[in-house]
Amino acid sequence: MNDVEFVTYSELTEDDKMIVNSYFEDELFPILTPLAIDNVHPFPNLINRSLALAIILDDPDTEQVEEKVCVIQLPNNISRFYSIGSNGDYRFILLEEIIRQMLTSFSPE
């Protein structure tokens with residue numbers, strides 16, 4: 025019997041994490057653009073019926089008083105569900121879960 029299962033990043037095996045990380049680096053990261061929201065950058069226009077992630081940025085090395093916020097709009101042409109594995113079961117991880125795990129990729133080093 026084929027089961028359908030939604031998993032979080034922490035539930036992935038190390039091999040699955042490598043596959044998901046590669047998917048992010050090769051397919052997602054190049055097409056995602058964080059958009060800052062602050063006094064200088066008003067809230068951006070977003071595409072109707074699209075998913076966007078609002079992210080509060082925190083820098084523990086500074087004593088910032090104001091929270092920094094950005095938005096990452098997810099492209100409509102990419103499935104929200106990423107299929108993992110090929111053992112006959114249907115295992116999926118949400119696109120936003122992948123991006124959440126890889127947020128440090130958007131930070132300048």
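Quick note, the numbering used here runs 24 ahead of the 1-based positions in the sequence shown. Even glycine gets a Cβ: it sits at the ideal position worked out from N, Cα and C. Since the structure is predicted, the reported quantities are computational estimates derived from the model, not experimental observations.
L36 is not a Cβ neighbour of I123, given a cutoff of 8 Å. Selection P68, D39 and S74 evaluated against L119 yields S74 as nearest (Cα-Cα).
Beta-bridge partners assigned by DSSP to F105: L118. Under the three-state reduction of DSSP output, L77 falls in the strand class. Here F67 carries a coil assignment [DSSP, helix/strand/coil]. Just so you know, the alpha carbons of I43 and D113 end up roughly 17 Å apart. About 10 Å separates the Cβ atoms of I96 and L70, ruling out a contact at the 8 Å cut-off. Within the same chain, I79 come within 8 Å of L127 by CB-CB distance, once the 5 residues on both sides are set aside.
Beta bridge pairing from DSSP links F30 with F116. Taking 8 Å as the upper bound for CB-CB distance, L81 and P68 are not in contact here, some 16 Å apart.
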